[in-house]
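Q:
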């Protein structure tokens, strides 16, 4: 049976007077802080290779250090490769008649805003695309798109005046709008 020599660890030679740092291994552990340039547009789980910054072997060259990146998310944006999706709530009135809507952008460390024009007749789930306003493409020129999806919000409670106006609108549009039911004391049922 052959085994590796515990003295030289298979190197064929031993160090007579080993230092306290490496204890005869020829390399000592050392911690260091590195500054790493992370390219814009990297994705979660992507790996950066830092050549010559890894561990050294006894008498050999230093290896490479691999850094796994974890990208912090933002609840205002969903990412799909270089494109970002923003869901923007709008009132049903603004969806019907149009207007301006402010949306968050990636500018100014994700605190920027842009005003977009909402077309009259916008339907729930309609999208607007701001070309080249998404995530920078790694290793390529250009950026992805900023896709804005509109979520029409319907109010759950209306004042008597708001309900009256909506009934008038419904009648004007040819809707069969029933009159509200009232009880003995004039309250809604």
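Numbering (my numbering), first residue to last: 3 to 191. Cβ atoms here follow ideal geometry from the backbone N, Cα and C, with glycine treated the same way.
Should the region 145-153 be called in touch with the region 76-94, which here means at least 3 C-beta pairs below 8 Å?
A: Per the Cβ contact rule, the region 145-153 is in contact with the region 76-94 (3 or more Cβ pairs under 8 Å).
Q: Quick check for students: name the residue ranges of the beta strand (DSSP E) that lie wholly in the region 16-101, counting only runs of 3 or more.
A: 49-52, 67-70, 80-82 and 85-93
Q: Between the region 65-72 and the region 108-123, can you find at least three pairs of beta-carbon atoms closer than 8 Å?
A: no
Q: When the Cα of residue 103 is compared with those of 93, 53, 16 and 65, which residue comes out closest?
A: Of the residues 93, 53, 16 and 65, the one whose Cα lies closest to the Cα of residue 103 is 93.
Q: Please classify residue 108: is it buried, with 16 or more other beta-carbons within 10 angstroms of its beta-carbon, or exposed?
A: buried
Q: Apart from the five residues on each side of it in sequence, which residues of its chain come closer than 6 Å, Cβ to Cβ, to residue 163?
A: none
Q: Work out the CA separation of residue 63 and residue 20 for me, nearest whole Å.
A: 21 Å
Q: Per the DSSP calculation, residue 116 is bridged to which residue(s)?
A: 105
Q: State the Cα-Cα distance for the pair residue 42 and residue 115, rounded to the nearest angstrom.
A: Inter-residue distance for residue 42 and residue 115 is about 20 Å (C-alpha atoms, whole angstroms).
Q: In terms of residue numbering, what span does the beta strand (DSSP E) encompassing residue 4 cover?
A: That residue, residue 4, is in no beta strand (DSSP E); it is neither H nor E in DSSP.
Q: For residue 1, which residues does DSSP report across the bridge?
A: The structure shown has nothing for residue 1, since the chain only spans 3 to 191.
Q: Which residues does DSSP pair with residue 138 in a beta bridge?
A: 145
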